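Protein chains in written order, with the working numbering: chain A, 1043 to 1218; chain B, 208 to 792.
A short write-up of the structure that comes next.
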Amino acid sequence: MSCTCEKKLETNFCKKEVDLSLMEPVFKKYEGQSASLISILQDTQGIYGYLPLEALKTIADRTGNKKAKIYGIATFYSQFRLNPIGKHIILQCQGTACHVNGSDKISEAICDELGIEPGGTSKDGMFTLENVACLGCCSLAPVMMINGEAYGNLTPNSAREVIRGIYKKEKGGASN
Amino acid sequence: MKLRIGLGSCGIAAGGKKVREALLNCLKEKDMNIEITSTGCIGMCFYEPIVDVIDDEGEVYTYVNVTPEKAEEIVEQHIKNGVPVEKYIQSTGKKPFKQLEKQVRVVLQNCGIINPEKIEDYLEKGGYKALEKCLKEMTPDQVIEEIKKSGLRGRGGAGFPTWFKWDAARKAKGNEKYVVCNADEGDPGAFMDRSVLEGDPHGLLEGMIIAGYAIGANHGFIYCRAEYPLAIERLEGAIAQAHEANFLGGNIMGSGFSFDIKIKKGAGAFVCGEETALIASLEGERGMPRLKPPFPAQSGYFGKPTNINNVETYANVPWIIRNGGAAFAAYGTEKSNGTKVFALAGKIKNGGLVEVPMGMPIREVIYEIGGGIKNDRDFKAVQMGGPSGGCIPKSLIDTPVDYESITRTGAIMGSGGMVVMDEATCMVDMARFFLNFTCDESCGKCIYCRIGTKRMLEILERITKGEGRMEDMDELEQLCISIKDGSLCGLGQTAPNPVLTTLKYFKDEYIAHIRDKKCPAKQCKSLITYSILKDKCTGCTACARKCPTEAITGERKQPHSIEQEKCIKCGNCAITCKFGAINVE
Chain A
1043 MSCTCEKKLE TNFCKKEVDL SLMEPVFKKY EGQSASLISI LQDTQGIYGY LPLEALKTIA
1103 DRTGNKKAKI YGIATFYSQF RLNPIGKHII LQCQGTACHV NGSDKISEAI CDELGIEPGG
1163 TSKDGMFTLE NVACLGCCSL APVMMINGEA YGNLTPNSAR EVIRGIYKKE KGGASN
Chain B
208 MKLRIGLGSC GIAAGGKKVR EALLNCLKEK DMNIEITSTG CIGMCFYEPI VDVIDDEGEV
268 YTYVNVTPEK AEEIVEQHIK NGVPVEKYIQ STGKKPFKQL EKQVRVVLQN CGIINPEKIE
328 DYLEKGGYKA LEKCLKEMTP DQVIEEIKKS GLRGRGGAGF PTWFKWDAAR KAKGNEKYVV
388 CNADEGDPGA FMDRSVLEGD PHGLLEGMII AGYAIGANHG FIYCRAEYPL AIERLEGAIA
448 QAHEANFLGG NIMGSGFSFD IKIKKGAGAF VCGEETALIA SLEGERGMPR LKPPFPAQSG
508 YFGKPTNINN VETYANVPWI IRNGGAAFAA YGTEKSNGTK VFALAGKIKN GGLVEVPMGM
568 PIREVIYEIG GGIKNDRDFK AVQMGGPSGG CIPKSLIDTP VDYESITRTG AIMGSGGMVV
628 MDEATCMVDM ARFFLNFTCD ESCGKCIYCR IGTKRMLEIL ERITKGEGRM EDMDELEQLC
688 ISIKDGSLCG LGQTAPNPVL TTLKYFKDEY IAHIRDKKCP AKQCKSLITY SILKDKCTGC
748 TACARKCPTE AITGERKQPH SIEQEKCIKC GNCAITCKFG AINVE
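Structure (structure tokens):
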């Protein structure tokens, strides 16, 4: 029996169907291990790129925990996402060094370029912008990281150019 | 001849992998068989990518800011023809980096020197000798006694004596005990632990195993940020090697003592730096702190006695055992012994990691090691201790860096982040920045922390928008006191520090924002306007082309102007203009 709050909460999630059988190896890996909920969630996100609603329900079932607890953990930690992400993730560093070197202006330029807010995904599904605490490349501030590659000493315009460059590459790849 | 390239996160971000590829290609083309090893971060991030050429006599030539093109030159001239390319060399064995002269490297002794992926390199530097000494010559009590003699205090922030924690865990009842390493380096602007994990993972492991022996624990955990993938990879490799060499596992070196270490990935929550929250997270729960006592030494991981230290603390241990506690205590001040690693960042010329004896004045760290302020501007303040710390103003620049002196300024030593600020940094905005962070990261358990930080943030946002009221400053101070008193853990208790210190040392900036509606540092957007100085503008159109909102108009070769309604104050024009024609007020 589910109350209306739960139904309402479920509207926060993406409706896409996922193949839950992919999670079997994860359950097998952590079978019988206590204290492994966070690791299970991390591995699940590794499979789907985010935490689908059905996957969270399955984890609750299989680990014998309440759904509320799983949801609580999934929303407590900033690493977990409840919705799918774009093809490229832009990690924008919000560290102190980046802040004093103008990361706000970089963030605004990226948001403006892609028509999104921090945390959002562009309409074409190409980019997701995520704010991260610190990438640890403070001497290159301000920094962003796309697909594991760091771009340092950014200006608003150079950040726009990096994004346009990736679009250009994608288009080139598509027409070939 | 041998080549060595710095491939820590900073080296890779600066293009180290491309340089490595260029070197490999070049050597292959010339059919030369030269070994290229990789190393961690030597701490001079502003020089990355760094390449060392080590000749057959063992002489080291260090090339800095290497590009693929420079790499080709180095191979052609130095490797092939044996003539060092002087113009790119920054240091040699005979003429070391001048930034290193004032430093004393205990924790960072191997970083940027050894290949962190090879246990042989670590062993060559005396690695695991300290562990051997403990297991074969010392009783656990003697180990704790040596740590006590060294005066080592926790390097994570609070500065609690390490021996005391170990002793408490040793004396706690129970035969199942745990050693935990806090590698959840969450302070924005701090990256000391990352460099140790990436550059000298065995140093941390050795320190943890010794701690395990001293307190009588057989299991260890490293709780590491998921944002440090390279660190996790190197730790995993190091653990496997240590098992193979029987420095980990059962009956270590025939001593009868057994110890294993597991890595747990954090999932991104700043509050997990607090030890009880970290334990909750290790147990797979939400990372929320609980009341102390009982301290983790009595009741930690699943209720068992647990010792928690951070990366830098453990990494000091092997050196102390090898050289004796007294040698360590000889560095530093009376109450703050040894050395401390700092991450220098912000508006500083030579950003990176430095390790200095405690007690060195801040001025020396910033000017003599850090090279001073970027673009030779004026120093305004240094932020220490991250979101829990505070801003130390110019008038206190001769404060020695030790636990007590820093605490007296209202900041804290913290884990060692030092973010340098110049005249173009707005201190009200800085306070807002940190409050935004702590407000976001508050776990929500204590009302004062959860709601109080939110109220403070609202006030600070109001002030930076030019809508502040004079009574806001008193209200901020009141909230600071309440939040300090009404919060359970260190996060809430220290969250007001950035506001308290900026209010104390930079009250005039608050007043300028509130009363005069001006931002002296010209950072707060709502309080500044951009305009073009007609007599300086040459009409080159460069700014107009870079303006994202087409707010700049004008004829070619005629002075331009900015339409204020369209201007989003992004500052692109000011960066672009070569004639100083953009005026910011």
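Note that beta-carbon positions come from the ideal geometry of N, C-alpha and C, so glycine has one too.
Computed from a predicted model, the values in this text were never measured in an experiment.
How many Å lie between residue 286 of chain B and residue 208 of chain B at the Cα?
Start at 1 with the first residue of the second sequence, and residue 286 of chain B comes out as number 79. Start at 1 with the first residue of the second sequence, and residue 208 of chain B comes out as number 1. Looking at the two C-alpha atoms, the distance is approximately 8 Å.
Just the C-alpha distance for residue 781 of chain B and residue 775 of chain B, rounded to the nearest angstrom, thanks.
For the purposes of this step, residue 781 of chain B is taken as the residue at position 574 of the second sequence. For the purposes of this step, residue 775 of chain B is taken as the residue at position 568 of the second sequence. About 13 Å.
DSSP three-state label for residue 732 of chain B, please.
Here residue 732 of chain B corresponds to residue number 525 of the second sequence, with the count starting at 1. Residue 732 of chain B falls in the helix class under three-state DSSP.
Are residue 212 of chain B and residue 231 of chain B close, meaning C-beta to C-beta below 8 Å?
On the second sequence, position 5 is the one that residue 212 of chain B refers to. On the second sequence, position 24 is the one that residue 231 of chain B refers to. No.
So is residue 1139 of chain A in contact with chain B if we call contact Cβ pairs under 8 Å?
For this step, residue 1139 of chain A is matched to residue 97 along the first sequence. Taking Cβ atoms only, chain B reaches closer than 8 Å to residue 1139 of chain A, which makes this a yes.
Just to confirm, is the Cβ distance from residue 614 of chain B to residue 606 of chain B under 8 Å?
Here residue 614 of chain B corresponds to residue number 407 of the second sequence, with the count starting at 1. Here residue 606 of chain B corresponds to residue number 399 of the second sequence, with the count starting at 1. Cβ atoms of residue 614 of chain B and residue 606 of chain B: not closer than 8 Å.
Over the uninterrupted alpha helix (DSSP H) stretch that includes residue 1071 of chain A, give me the two end residues.
Along the first sequence, one-based indexing puts residue 1071 of chain A at 29. Start and end: 1066-1071.
Does residue 1192 of chain A get closer than 8 Å to chain B when you measure Cβ to Cβ?
Stepping through the first sequence from its first residue, residue 1192 of chain A is reached at position 150. Chain B, which has a Cβ nearer than 8 Å to the Cβ of residue 1192 of chain A, makes this yes.
Quick check: the region 494-513 of chain B against the region 528-539 of chain B, are there 3 or more CB pairs under 8 Å?
The region 494-513 of chain B vs the region 528-539 of chain B: no contact.
Leaving out five residues on either side along the sequence, give the residues of the same chain with a beta carbon under 6 Å from the beta carbon of residue 650 of chain B.
Position 443 of the second sequence, counting from 1, holds the residue named residue 650 of chain B. Once the five neighbours on either side are set aside, the close Cβ partners of residue 650 of chain B are 478 and 495.
Could you tell me if residue 407 of chain B is buried or exposed, where buried requires 16 or more neighbouring beta carbons within 10 angstroms of its beta carbon?
Here residue 407 of chain B refers to the residue found at position 200 when the second sequence is read from its first residue. Result: buried.
Using a cut-off of 7 Å between C-beta atoms, extract the partners of residue 626 of chain B located in chain A.
Residue 626 of chain B sits at position 419 when you count from the first residue of the second sequence. Chain A residues near residue 626 of chain B: 1138, 1139 and 1142.
Considering only residues of the same chain and omitting the five flanking positions on each side of residue 300 of chain B, which have a CB-CB separation below 7 Å?
Counting from one through the second sequence, the residue named residue 300 of chain B turns up at place 93. Excluding positions up to five away in sequence, the list reads 266 and 267.
To the nearest angstrom, report how far apart residue 254 of chain B and residue 553 of chain B are at their CA atoms.
For the purposes of this step, residue 254 of chain B is taken as residue 47 along the second sequence, with counting starting at 1. For the purposes of this step, residue 553 of chain B is taken as residue 346 along the second sequence, with counting starting at 1. Approximately 16 Å between the Cα atoms of the pair.
Is DSSP giving residue 688 of chain B helix, strand or coil here?
To locate residue 688 of chain B, count along the second sequence from 1; it is residue 481. DSSP places residue 688 of chain B in helix when its eight states are reduced to three.
Flag this pair as yes or no: are the beta carbons of residue 655 of chain B and residue 699 of chain B separated by less than 8 Å?
On the second sequence, position 448 is the one that residue 655 of chain B refers to. On the second sequence, position 492 is the one that residue 699 of chain B refers to. Contact flag set, yes.
Whole angstroms is fine: what's the gap from residue 1162 of chain A's alpha carbon to residue 1109 of chain A's?
Taking the first residue of the first sequence as position 1, residue 1162 of chain A is located at position 120. Taking the first residue of the first sequence as position 1, residue 1109 of chain A is located at position 67. In a straight line, the C-alpha of residue 1162 of chain A is about 26 Å away from that of residue 1109 of chain A.
Can you give me the C-alpha to C-alpha distance between residue 1181 of chain A and residue 558 of chain B, rounded to a whole angstrom?
Here residue 1181 of chain A refers to the residue found at position 139 when the first sequence is read from its first residue. Here residue 558 of chain B refers to the residue found at position 351 when the second sequence is read from its first residue. Whole-angstrom Cα-Cα distance: 5 Å.
Residues of chain B with a CB under 7 Å from the CB of residue 1179 of chain A: which are they?
If you number the first sequence from 1, residue 1179 of chain A lands on position 137. 216, 217 and 220, listed in chain order.
Please classify residue 705 of chain B: is it buried, with 16 or more other beta-carbons within 10 angstroms of its beta-carbon, or exposed?
Taking the first residue of the second sequence as position 1, residue 705 of chain B is located at position 498. Buried, because 16 or more other Cβ atoms sit within 10 Å of the Cβ of residue 705 of chain B.
Pull the bridge partners of residue 467 of chain B from the DSSP assignment, please.
One-based indexing of the second sequence puts residue 467 of chain B at position 260. Paired residue(s): B:426.
Taking 8 Å as the cut-off, decide whether the C-beta atoms of residue 653 of chain B and residue 694 of chain B are in contact.
Indexing the second sequence from 1 puts residue 653 of chain B at position 446. Indexing the second sequence from 1 puts residue 694 of chain B at position 487. Yes; because the gap between Cβ atoms is below 8 Å, this pair is in contact.
Taking just the CA atoms, how far does residue 1054 of chain A sit from residue 1124 of chain A?
The residue given as residue 1124 of chain A occupies position 82 in the first sequence. The residue given as residue 1054 of chain A occupies position 12 in the first sequence. Answer to the nearest angstrom: the Cα atoms are 8 Å apart.
Residue 1179 of chain A and residue 216 of chain B - do their beta-carbons sit closer together than 8 Å?
Residue 216 of chain B sits at position 9 when you count from the first residue of the second sequence. Residue 1179 of chain A sits at position 137 when you count from the first residue of the first sequence. In contact: residue 216 of chain B and residue 1179 of chain A (Cβ atoms closer than 8 Å).
Would you call the region 569-580 of chain B in contact with the region 678-696 of chain B, where contact means no fewer than 3 C-beta pairs closer than 8 Å?
Too few Cβ pairs lie closer than 8 Å, so no.
Out of B:401, B:521, B:348 and B:500, which has the shortest C-alpha to C-alpha gap to residue 427 of chain B?
Residue 427 of chain B sits at position 220 when you count from the first residue of the second sequence. Of the candidates B:401, B:521, B:348 and B:500, the one whose C-alpha sits nearest the C-alpha of residue 427 of chain B is B:521.
Can you give me, in chain order, the residues of the region 1115-1136 of chain A that have a beta carbon less than 7 Å from any beta carbon in chain B?
Residues 1115, 1118, 1119, 1120, 1121, 1122 and 1136.
DSSP three-state label for residue 590 of chain B, please.
In the second sequence, residue 590 of chain B corresponds to position 383, counting from 1. Of the three classes helix, strand and coil, the one that applies to residue 590 of chain B here is strand, per DSSP.
Does the CB of residue 584 of chain B have a neighbour CB from chain A at under 8 Å?
To locate residue 584 of chain B, count along the second sequence from 1; it is residue 377. So no, residue 584 of chain B is outside the interface.
Could you give the distance in angstroms between the alpha-carbon of residue 362 of chain B and the alpha-carbon of residue 461 of chain B?
Along the second sequence, read from residue 1 onward, the residue named residue 362 of chain B stands at position 155. Along the second sequence, read from residue 1 onward, the residue named residue 461 of chain B stands at position 254. Distance between the alpha carbons of residue 362 of chain B and residue 461 of chain B: 32 Å.
Helix, strand or coil, according to DSSP, for residue 605 of chain B in the structure here?
Counted from its first residue, the second sequence places residue 605 of chain B at position 398. In this structure, residue 605 of chain B counts as coil in the three-state DSSP scheme.
Between which residues of its own chain and residue 446 of chain B is the CB-CB distance below 6 Å, once the five residues before and five after are set aside?
The residue labelled residue 446 of chain B in the question sits at position 239 within the second sequence. These residues qualify, in order along the chain: 468.
Going by DSSP, what residue range makes up the alpha helix (DSSP H) through residue 712 of chain B?
Counting from 1 along the second sequence, the entry for residue 712 of chain B is found at position 505. It spans 704-712 - the alpha helix (DSSP H) in which residue 712 of chain B sits, taken as one unbroken run.
In the structure shown, what three-state DSSP assignment does residue 719 of chain B receive?
Counted from its first residue, the second sequence places residue 719 of chain B at position 512. Residue 719 of chain B: helix per DSSP, three-state reduction.
Report whether the distance from the Cβ of residue 501 of chain B to the nearest heavy atom of the ligand ZN is below 7 Å.
The ligand ZN is absent from the structure shown, which contains no ligands of any kind.
My understanding is that residue 562 of chain B touches residue 310 of chain B, with C-beta atoms under 8 Å, so please give their C-beta distance in whole angstroms.
The sequence position of residue 562 of chain B within the second sequence is 355, counting from 1. The sequence position of residue 310 of chain B within the second sequence is 103, counting from 1. Contact flag correct, Cβ pair sits at about 5 Å.
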